[in-house]
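Peer 1: In this note's numbering, the protein residues as written are 18 to 765.
All residues carry an ideal CB built from backbone N, CA and C; glycine is no exception.
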Amino acid sequence: MAHWLADTRAGQATGVMTRFDPLYWTVDFPRPMMAAVTTAAADALRVDAVFYNRDDLAGLIWESADRHDHPLLRYDTARDYRACRLSFRWRSAGVLALDAVNGPVLTIEGRDADGTPRAWYVRLWNYARGTPEDAQIAIDFAALDGGFLLPGERDPVWAGDVDRMFVSLVAPGHDAAGGALSQPVEAWAELSEITCDGAGAVVAIGDVVLPEHDLGIASGYDDSYHLTPARLLRNMLQLGYRGAVVHYVGMSHYFRLQGGVVEGALNVACAAWHRDLAQRAKNLGYDLIWSLSYELFEAHCPAAWKQRAADGSPALTGWVPPSTLLSPANAAAMAYLRAVALAFVAIGAAAGLAPRFQIGEPWWWVLPDGRPCLYDDSARTAFAPVAIADVRGALDAAQRATLDRAGAVLAASTAALAAAVKEAAPGCVTYLLAYLPTVLDAAAPEVRRMNLPTGWAAPAFDVLQLEDYDWVTGGDTAASARGAAEATQRLGYPVARQDYLAGFVLRGADRGQWRVILAAAGTAQVRGVARVYLWALPQVLRDGLVYWQEEEAVEAFDDVMFPLALGREAEVTPTFSTGVTTSAGGRETRRAGWAEARTRYDVGPGVRSEADVATLLAFYRARLGAARGFRLRDPFDWRARGETIGTGDGVTRRFALVRRYDAATRRITRPVAGSVSVTVGGVATAAFTLSPGGIVTLEAAPAPGVVVAASFDFDVPVRFAEDHLSVTRATYLAGAAPSVPLVEVREA
Numbered sequence: 018m019a020h021w022l023a024d025t026r027a028g029q030a031t032g033v034m035t036r037f038d039p040l041y042w043t044v045d046f047p048r049p050m051m052a053a054v055t056t057a058a059a060d061a062l063r064v065d066a067v068f069y070n071r072d073d074l075a076g077l078i079w080e081s082a083d084r085h086d087h088p089l090l091r092y093d094t095a096r097d098y099r100a101c102r103l104s105f106r107w108r109s110a111g112v113l114a115l116d117a118v119n120g121p122v123l124t125i126e127g128r129d130a131d132g133t134p135r136a137w138y139v140r141l142w143n144y145a146r147g148t149p150e151d152a153q154i155a156i157d158f159a160a161l162d163g164g165f166l167l168p169g170e171r172d173p174v175w176a177g178d179v180d181r182m183f184v185s186l187v188a189p190g191h192d193a194a195g196g197a198l199s200q201p202v203e204a205w206a207e208l209s210e211i212t213c214d215g216a217g218a219v220v221a222i223g224d225v226v227l228p229e230h231d232l233g234i235a236s237g238y239d240d241s242y243h244l245t246p247a248r249l250l251r252n253m254l255q256l257g258y259r260g261a262v263v264h265y266v267g268m269s270h271y272f273r274l275q276g277g278v279v280e281g282a283l284n285v286a287c288a289a290w291h292r293d294l295a296q297r298a299k300n301l302g303y304d305l306i307w308s309l310s311y312e313l314f315e316a317h318c319p320a321a322w323k324q325r326a327a328d329g330s331p332a333l334t335g336w337v338p339p340s341t342l343l344s345p346a347n348a349a350a351m352a353y354l355r356a357v358a359l360a361f362v363a364i365g366a367a368a369g370l371a372p373r374f375q376i377g378e379p380w381w382w383v384l385p386d387g388r389p390c391l392y393d394d395s396a397r398t399a400f401a402p403v404a405i406a407d408v409r410g411a412l413d414a415a416q417r418a419t420l421d422r423a424g425a426v427l428a429a430s431t432a433a434l435a436a437a438v439k440e441a442a443p444g445c446v447t448y449l450l451a452y453l454p455t456v457l458d459a460a461a462p463e464v465r466r467m468n469l470p471t472g473w474a475a476p477a478f479d480v481l482q483l484e485d486y487d488w489v490t491g492g493d494t495a496a497s498a499r500g501a502a503e504a505t506q507r508l509g510y511p512v513a514r515q516d517y518l519a520g521f522v523l524r525g526a527d528r529g530q531w532r533v534i535l536a537a538a539g540t541a542q543v544r545g546v547a548r549v550y551l552w553a554l555p556q557v558l559r560d561g562l563v564y565w566q567e568e569e570a571v572e573a574f575d576d577v578m579f580p581l582a583l584g585r586e587a588e589v590t591p592t593f594s595t596g597v598t599t600s601a602g603g604r605e606t607r608r609a610g611w612a613e614a615r616t617r618y619d620v621g622p623g624v625r626s627e628a629d630v631a632t633l634l635a636f637y638r639a640r641l642g643a644a645r646g647f648r649l650r651d652p653f654d655w656r657a658r659g660e661t662i663g664t665g666d667g668v669t670r671r672f673a674l675v676r677r678y679d680a681a682t683r684r685i686t687r688p689v690a691g692s693v694s695v696t697v698g699g700v701a702t703a704a705f706t707l708s709p710g711g712i713v714t715l716e717a718a719p720a721p722g723v724v725v726a727a728s729f730d731f732d733v734p735v736r737f738a739e740d741h742l743s744v745t746r747a748t749y750l751a752g753a754a755p756s757v758p759l760v761e762v763r764e765a
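1. Between the beta-carbon of residue 87 and the beta-carbon of residue 244, is there less than 7 Å?
2. Go through its chain and collect everything with a Cβ distance to residue 424's Cβ below 6 Å, but skip five positions before and after it.
3. Within 10 Å of its beta-carbon, does residue 578 have 16 or more other beta-carbons around it, so buried, or fewer, so exposed?
4. Under a Cβ-count criterion, where at least 16 other Cβ atoms within 10 Å of its own Cβ denotes burial, should residue 678 be classed as buried or exposed?
5. Looking only at its own chain, which residues have a Cβ that is under 6 Å from the Cβ of residue 73, when we skip the five neighbours before and after it?
6. Go through its chain and collect everything with a Cβ distance to residue 185's Cβ below 7 Å, but skip five positions before and after it.
7. Beta-carbon within less than 7 Å of residue 56's beta-carbon, same chain only, minus the 5 sequence neighbours each way: which residues are those?
8. Following the continuous beta strand (DSSP E) through residue 213, name the residue where it begins and the one where it ends.
9. Out of 695, 718 and 701, which has the shortest C-alpha to C-alpha gap to residue 707?
10. Please state the DSSP three-state secondary structure of residue 782.
11. Kindly indicate which residue of 341, 144, 462 and 179 has the alpha-carbon position closest to the one of residue 503.
12. Report all residues from its chain with a CB closer than 7 Å to the CB of residue 278; omit the five preceding and five following residues, and keep chain order.
13. Does the beta-carbon of residue 500 have 16 or more other beta-carbons within 10 angstroms, so that it is buried, or is it exposed?
14. Taking just the CA atoms, how far does residue 286 sit from residue 344?
15. Between residue 646 and residue 735, which are expected to be in contact by the criterion C-beta below 8 Å, what is the C-beta distance as a whole number of angstroms?
16. Between residue 295 and residue 368, how many whole angstroms is the CB-CB distance? I'm expecting something under 8 Å.
17. Mind checking who residue 34 pairs with in its DSSP beta bridge?
18. Less than 7 Å between the C-beta atoms of residue 307 and residue 342, yes or no?
19. Give the straight-line distance between the Cα atoms of residue 170 and residue 157, rounded to the nearest whole angstrom.
20. Could you give the distance in angstroms between the alpha-carbon of residue 27 and the alpha-carbon of residue 379?
21. Hey, is the region 703 to 718 in contact with the region 665 to 675, meaning 3+ C-beta pairs nearer than 8 Å?
22. Apart from the five residues on each side of it in sequence, which residues of its chain come closer than 8 Å, Cβ to Cβ, to residue 507?
23. So the beta strand (DSSP E) residue 69 belongs to, where does it begin and stop?
24. At which residues does the alpha helix (DSSP H) containing residue 555 begin and terminate?
25. Taking only three categories from DSSP, how would you classify residue 364?
26. Kindly indicate which residue of 498, 556, 543 and 328 has the alpha-carbon position closest to the one of residue 526.
27. Please list the terminal residues of the continuous alpha helix (DSSP H) segment that includes residue 290.
28. As a quick exercise: from 82, 210 and 115, pick the residue whose alpha carbon is nearest that of residue 59.
29. How is residue 397 classed by DSSP in three states: helix, strand or coil?
30. Since residue 616 and residue 739 should fall inside the 8 Å C-beta cutoff, what is the C-beta to C-beta distance between them, to a whole number of angstroms?
31. With respect to the alpha helix (DSSP H) encompassing residue 534, which residues constitute its N-terminal and C-terminal limits?
32. Which residues share a DSSP beta bridge with residue 20?
33. Could you give the residue range of the beta strand (DSSP E) that holds residue 657?
34. Exposed or buried, what is residue 300 when buried is set at 16 or more other beta-carbons lying within 10 Å of its beta-carbon?
35. Along the alpha helix (DSSP H) that carries residue 246, what are the first and last residues, could you check?
36. By the DSSP assignment, the beta strand (DSSP E) with residue 484 in it spans what residues?
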């Protein structure tokens, strides 16, 4: 699938934007408070916030460097603000007013004229006209002073090298010493009539617009809560993503708290952000699939709601700080999930969106040592689980029955959640997302009893969604294919009622994994799924992924043999690309451009009759000339025996077929079906699968130092070398061979 990873704009479309555009402000704050910024108008933004502690502080941030947008859509870095004048109308409620001690301050972080890092604190009230909660503010960065009281505490600002600036918002009763507020404080602040003028008011911004393509996109609130919804949607739209968006509402930012514990569905900031997202999505023609999981930020989860191991340890994920999993057997926890689901679906309905709801990865947690978390009080009451020390071991009948009962409880909980949504939003399309590497873990084959229960079988949900990114990024294509087949067989959803979520790349250093992720997306499309989504937008933007749908809707390679036998006079010509530089004294420096030879063939001598000519012409037309590749059996090199394809390290299971010529190695991507045999440490094994591209995947990783070898027959992938082919009647009547040049296709 056609893609590249962009780092910067390099000649792509560029537009201009005015500094301090509402679209590009962000927010930041400490846990557990919440704040969100939305674009109230083309020249206005609004911050909604909820404060829980006396030392909570939200920052409304403008950054000189764009760290959040796709590289092709970022605005240019410009740190000199001395030629800028900013003005806006300030309105607020629930936060300390402009004239108060600890009231809104514009903090400017950067360097002074000597290059020394420092910060300036500009009290906005010093530049305001009006009341403390409704004022016009004008800031000239060429003549700006920090300090609380002016002119006595004047601290001149040098705005020639600014990294970022932010407006601080705190609640009444703010105290840096901390402590909980008596009640949560809901607040808002609005900047409207925003204008920026002066010679430095305009900066360049990427304005690439990719055509609509065949991949959908997924997003997550926990990753994007600090951005405006309009900014996210601009990236989606201009990168070519259309249709439904899978939006995971998250596990750590959406809820209301009371006394540090989850108390209700949506906090005021989350609700405001999602109302804006839903309305803008509707206006742009997007649908939203609201995605809700059983995962919740552990520090704020009621103790009785948590899944627990037999010793009472809570189910904790590997995130830092950790999340936990809600027990499907706990009535209060499940009622809470239903309230959250209904709140989000109602937001979508108010915006005019068709209702769509996904239950994302619901499961019983298994700790890293194999202990299942089936023993919270509610679970013990619901299905009396017997002791299971490790789900990876052999389980007896009573233990398997426990997993079956746990699966039935999980399925009942998801059914109740889906039913509640459908009752509130008739016609709602429901989705179930399953993460196959966990629920179909080969090391714990009985886990599917509880985490892929048959109670999910069609038609429990309208669409089954599958993801398998650990297998994909690990290169285990055989496991991906087997997992999709097993899930289909177990739950009975036809492929046309399945979606596939491809991704994701956890760390930016691993951005090269997008190649195999997109290959897996293409495989899912070939399998016939209804829709493929990339998981997720934050990683797409971070890594600069650019995807476009290739114009050809055909495969570039046809897995068929060249139809004519090669004559004795067929030419086989291995070629290299070597750069030779000769010095004045005659000494040569040689640079090998290719690690492997690329072979050229002339198969014309195999054409001897009118029937051969007709076969050749038909085959040439079917390949669209040079457009599509095919197989060719090299008469001089088509068999390999006992080739070493790798050495074990205790982890690696995938090995590529190769043909060795002393120190040179040739990748073999087109082995002959049924001809491949494998030995591990000299012992033949049938415990392997052969994937496209000549990849052998062993069922178990060989021990360190153990040699893996293979024997096989192979063909060469080739294409016609030219887009024209000349044959005359005189050719075969005279017994002369036409020239039919072919060239090897490099596939790996």
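Peer 2: In brief:
1. no
2. 466, 467 and 470
3. exposed
4. exposed
5. 50
6. 74, 76, 121, 122 and 124
7. 39, 40, 62, 245 and 247
8. 197 to 214
9. 695
10. This structure cannot speak to residue 782, because the chain is shown only from 18 to 765.
11. 462
12. 317 and 319
13. buried
14. 27 Å
15. 6 Å
16. 4 Å
17. 220
18. no
19. 18 Å
20. 44 Å
21. yes
22. 465, 469, 471 and 474
23. 61 to 70
24. 554 to 560
25. helix
26. 556
27. 285 to 301
28. 210
29. helix
30. Actually they are not in contact, since the Cβ atoms of residue 616 and residue 739 sit about 16 Å apart, beyond 8 Å.
31. 531 to 544
32. 564
33. 656 to 664
34. exposed
35. 246 to 255
36. 480 to 484
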